[in-house]
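Chemist: Residue numbers (my numbering): 85 to 437. Using N, Cα and C, we set each Cβ at its ideal position, and we do this for glycine too. Nothing here was measured: the structure is a model prediction, and the numbers come from that model.
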């Protein structure tokens with residue numbers, strides 16, 4: 085018997101060297117094949133130099149302390165979530181991304197275009213390389229105004245042209261409740277440039293409301309309404325932007341998953357709830373490095389028995405602005421995927437201003 089000191093969660097040092105080696109072989113075999121590993125397999129090609137009976141005895145001990153489980157359809161063993169956690173924390177030998185993997189990640193992220201396109205490319209390349217679902221949390225950007233101009237399009241519509249301090253230029257259509265005179269559009273644009281430049285949208289809206297409420301604003305009612313509408317269309321747009329980009333859900337429908345279609349359906353339902361996934365990934369924002377959530381360790385994926393590997397990415401000032409990661413089965417190749425996610429987070433951080 086393995087001698088443990090009555091602890092519910094054994095540590096690697098509490099296992100004998102023989103038990104550690106057999107445990108490692110079972111976990112690595114299961115991660116590789118997705119199938120339980122039996123004593124005959126271990127005795128045949130593992131170099132253990134032990135009889136199947138001796139191996140079965142150790143497997144039974146590892147099952148008794150909660151590190152392995154024996155599915156009723158198989159004589160082999162597979163790691164429990166507790167066992168996977170023990171393996172990841174105490175035994176896993178992390179492999180650096182290959183030169184080809186690094187080149188693929190950097191090539192995808194170097195494509196020209198807006199930051200959202202780079203984030204979508206990040207999610208897609210992680211999905212392709214890991215054969216899991218790739219996920220990226222979108223940075224919560226609050227552009228600071230350099231200028232916001234209002235230009236007439238029709239009697240009931242105007243174009244709001246926002247120029248950010250970072251040089252970004254975007255357009256939005258503002259719907260007007262009634263025709264306005266051209267001078268009101270000019271007055272509203274001049275007011276924004278003179279009073280609200282350098283502020284975020286939220287700060288600008290608060291400052292404008294405070295000034296109007298105090299009676300200090302020189303704007304008339306029509307121009308004040310235009311300023312508020314011009315700011316509101318941008319605030320609404322920011323609120324509607326996705327908090328999460330998910331790519332590669334189809335990767336989760338692999339051959340082994342089809343035997344447990346309810347688990348897969350549960351997982352896909354979870355991924356549809358992007359806000360809930362974002363809340364889970366938010367737990368990784370405060371981490372210094374990559375975090376791993378295995379199965380029931382996170383409430384969201386407890387039913388589907390899935391794992392999440394997530395790493396924060398930072399802007400050039402070192403501030404955490406988002407999280408990148410993968411979601412897949414608990415048997416995913418942690419040793420390969422963990423450094424891949426970490427490298428992607430570092431590469432993505434170089435793009436964020």
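Taking the CB atoms as reference points, tell me whether residue 267 and residue 292 lie closer together than 9 Å.
Modeler: No, the Cβ-Cβ distance between residue 267 and residue 292 is not below 9 Å.
Chemist: Quick check: the Cα distance between residue 390 and residue 378, rounded to an integer number of angstroms?
Modeler: Using only the alpha carbons, I get a separation of about 7 Å.
Chemist: How would you label residue 178, buried or exposed, when you count the other beta carbons within 10 angstroms and need 16 or more for buried?
Modeler: Burial call: exposed.
Chemist: Determine the direct distance from the alpha carbon of residue 355 to that of residue 330, and round the result to whole angstroms.
Modeler: Answer to the nearest angstrom: the Cα atoms are 8 Å apart.
Chemist: Return helix, strand or coil for residue 316, following the three-state DSSP convention.
Modeler: Three-state result, residue 316: helix.
Chemist: Assign residue 113 to one of two classes, buried (16 or more other C-beta atoms within 10 Å of its C-beta) or exposed (fewer than that).
Modeler: It is buried - the Cβ of residue 113 has at least 16 other Cβ atoms within 10 Å.
Chemist: What residue does the beta strand (DSSP E) around residue 375 start on, and which one ends it?
Modeler: Where residue 375 is concerned, the enclosing beta strand (DSSP E) stretches over 375 to 378.
Chemist: Under a Cβ-count criterion, where at least 16 other Cβ atoms within 10 Å of its own Cβ denotes burial, should residue 434 be classed as buried or exposed?
Modeler: Result: exposed.
Chemist: Between residue 315 and chain D, is any beta-carbon pair separated by less than 9 Å?
Modeler: Chain labels in this structure do not include chain D; a single protein chain is all it has.
Chemist: Check residue 291 in the structure and name its three-state DSSP category.
Modeler: Helix.
Chemist: Assuming the contact rule is C-beta atoms closer than 8 Å, residue 392 and residue 411 should be a hit. Round their C-beta distance to whole Å, please.
Modeler: About 5 Å separates the two Cβ atoms, so the contact holds.
Chemist: Below 8 Å, can you find three or more Cβ-Cβ pairs linking the region 160 to 171 to the region 395 to 407?
Modeler: The answer is no - the region 395 to 407 does not touch the region 160 to 171, with fewer than three Cβ pairs under 8 Å.
Chemist: Buried or exposed for residue 183, going by 16 or more other Cβ atoms inside 10 Å?
Modeler: Classification for residue 183: exposed.
Chemist: Does the beta-carbon distance from residue 229 to residue 248 come in below 9 Å?
Modeler: Contact flag set, yes.
Chemist: Select from 358, 119, 209 the residue whose C-alpha is nearest the C-alpha of residue 421.
Modeler: Out of 358, 119, 209, 209 has the C-alpha closest to the C-alpha of residue 421.
Chemist: Could you have a look at residue 160 and say whether DSSP puts it in helix, strand or coil?
Modeler: In this structure, residue 160 counts as coil in the three-state DSSP scheme.
Chemist: Would you mind giving the Cβ-Cβ distance between residue 132 and residue 139, rounded to the nearest angstrom? I have them listed as a contact below 8 Å.
Modeler: At roughly 7 Å, the Cβ-Cβ gap stays under 8 Å, so residue 132 and residue 139 are in contact.
Chemist: Taking residue 188 as the reference, which of 198, 211, 120, 173 has the closest Cα?
Modeler: Residue 188 has its Cα closest to that of 211, out of 198, 211, 120, 173.
Chemist: Would you mind reading off the limits of the beta strand (DSSP E) that contains residue 265?
Modeler: That residue, residue 265, is in no beta strand (DSSP E); it is neither H nor E in DSSP.
Chemist: As a quick exercise: from 102, 176, 408, pick the residue whose alpha carbon is nearest that of residue 143.
Modeler: The option with the nearest alpha carbon to residue 143 is 102.
Chemist: So which of 275, 186, 214, 311 has the shortest CA-CA distance to residue 242?
Modeler: Here the closest residue by C-alpha is 311.
Chemist: For residue 213, which option in 395, 430, 417 has the closest C-alpha, if you only look at C-alpha atoms?
Modeler: If we check each option's Cα against that of residue 213, 417 comes out closest.
Chemist: Enumerate, from N- to C-terminal direction, the unbroken beta strand (DSSP E) stretches of 3 or more residues contained entirely within the region 179 to 240.
Modeler: With a minimum length of 3 residues, the continuous beta strand (DSSP E) runs that stay inside the region 179 to 240 are 217 to 221, 229 to 238.
Chemist: With H, G and I counted as helix, E and B as strand and the rest as coil, what does DSSP make of residue 284?
Modeler: Strand, per DSSP.
Chemist: Just reading off the alpha helix (DSSP H) that residue 147 is part of, what are its end residues?
Modeler: Element bounds for residue 147: 136 to 148.
Chemist: Per the DSSP calculation, residue 328 is bridged to which residue(s)?
Modeler: Its beta-bridge partners are 221.
Chemist: By a C-beta neighbour count over all protein chains shown, 10 Å radius and 16 as the cutoff for buried, is residue 192 buried or exposed?
Modeler: Classification of residue 192: buried, given that the 10 Å Cβ count is 16 or more.
Chemist: Provide the residue(s) that pair with residue 395 in DSSP beta bridges, ordered along the chain.
Modeler: Residue 395 is bridged to 408.
Chemist: Could you pull the start and end residues of the beta strand (DSSP E) that residue 96 belongs to?
Modeler: Taken as a continuous stretch (DSSP letters only), residue 96 belongs to no beta strand (DSSP E), as it is neither H nor E.
Chemist: With distances taken between CB atoms, is the gap from residue 313 to residue 244 smaller than 9 Å?
Modeler: A contact, by the Cβ cut-off of 9 Å.
Chemist: Around the C-beta of residue 315, are 16 or more other C-beta atoms found within 10 angstroms, so that it is buried, or is it exposed?
Modeler: Under this definition residue 315 is a buried residue.
Chemist: Could you round the C-beta distance between residue 368 and residue 397 to whole angstroms and report it? I think they count as a contact, below 8 Å.
Modeler: The pair is not a contact, with the Cβ atoms about 10 Å apart (cut-off 8 Å).
Chemist: Report the residue from 118, 294, 110, 108 whose alpha carbon sits nearest the alpha carbon of residue 413.
Modeler: Minimum Cα distance to residue 413 is reached at 118.
Chemist: Alpha carbon to alpha carbon, how far is residue 269 from residue 236? Give it in angstroms, no decimals.
Modeler: Cα to Cα, the separation comes out at about 7 Å.
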